[in-house]
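K.L.:
This structure is in structure tokens; I'll ask about it shortly.
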Amino acid sequence: MDLLTWLQTTSAGEFIFTLLVSMIPIVELRGGIPFGVALGLPYEEAFVAAVIGNIIPAPFILVYIRRIFQWMRQRLPRLDGMVDALERKAHLKGKKVNKYKYLGLMLFVGIPLPGTGAWTGALAAAFLDMPLRKAMPSIIAGVVLAGCIMTGLTHVGVNVFTTVLG
């Protein structure tokens, strides 16, 4: 059995596949939960896999993103425009978060809208110099909140979809 078949046809594979999809920027948990459910995972398992997958990159972003951007500027000057855009986005999102600090960070991560989520929240927290030990609980709480919202929306969406087609 090849890897892709294993990821799509076994419970453990579906869990890991959902976890990996939820680690992808932009897709994150908002795409991970519906993806896991579509693969065949029960809602609870899709929720857990997506939450874990969405949280994994956050501490690395918080700790290393500034060094990564600095390295990119020194070694890959053609990517300066992309780095500038990401830094502008972090500062812009950071203004929204900064007003309410850690509660603001949790809400920013937790409301599943385009341009929000654990990746952008961690990026904003890094540029606001929020310490890891204080920012991570807010990010985790926000990811769990977003997971609850997306699980509910996925459940409603799947039920509406099956009712219309059924």
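The sequence shown begins at 8 in this note's numbering and counts up by one. C-beta: ideal position from N, C-alpha, C; glycine also.
Please state whether the Cβ-Cβ distance between N61 and L36 is less than 7 Å.
P.N.:
Numbered from its first residue, the sequence shown carries residue 61 at position 54. Numbered from its first residue, the sequence shown carries residue 36 at position 29. Cβ distance < 7 Å, so N61 and L36 count as in contact.
K.L.:
Go ahead and label F54 buried or exposed: buried means 16 or more other beta carbons lie within 10 angstroms of its beta carbon, across all protein chains shown.
P.N.:
Stepping through the sequence shown from its first residue, residue 54 is reached at position 47. Looking at its Cβ environment, which holds 16 or more other Cβ atoms inside 10 Å, F54 is buried.
K.L.:
What runs of the alpha helix (DSSP H), each 4 residues or longer, lie entirely inside the stretch 65-131?
P.N.:
You should have 87-105 and 108-117.
K.L.:
Report the CB separation of M157 from I40 in whole angstroms; it is logged as a contact under 8 Å.
P.N.:
Taking the first residue of the sequence shown as position 1, residue 157 is located at position 150. Taking the first residue of the sequence shown as position 1, residue 40 is located at position 33. Sure, about 5 Å apart at Cβ, within 8 Å.
K.L.:
So, at 7 Å on beta carbons, what are the nonlocal neighbours of A65 in its own chain, with the 5 sequence-adjacent residues on each side left out?
P.N.:
Translated into the one-based positions of the sequence shown, residue 65 becomes position 58. Taken in chain order, the residues that qualify are A125, A129, M143 and I146.
K.L.:
Could you tell me the distance, in whole angstroms, from the CA atom of Y50 to the CA atom of T16?
P.N.:
Taking the first residue of the sequence shown as position 1, residue 50 is located at position 43. Taking the first residue of the sequence shown as position 1, residue 16 is located at position 9. So the alpha carbons of these two residues sit roughly 17 Å apart.
K.L.:
Nearest-angstrom Cα distance between R140 and A132?
P.N.:
Taking the first residue of the sequence shown as 1, we reach residue 140 at position 133. Taking the first residue of the sequence shown as 1, we reach residue 132 at position 125. Each residue's Cα considered, the two are about 11 Å apart.
K.L.:
Flag this pair as yes or no: are the beta carbons of T161 and V44 separated by less than 7 Å?
P.N.:
To locate residue 161, count along the sequence shown from 1; it is residue 154. To locate residue 44, count along the sequence shown from 1; it is residue 37. Yes; because the gap between Cβ atoms is below 7 Å, this pair is in contact.
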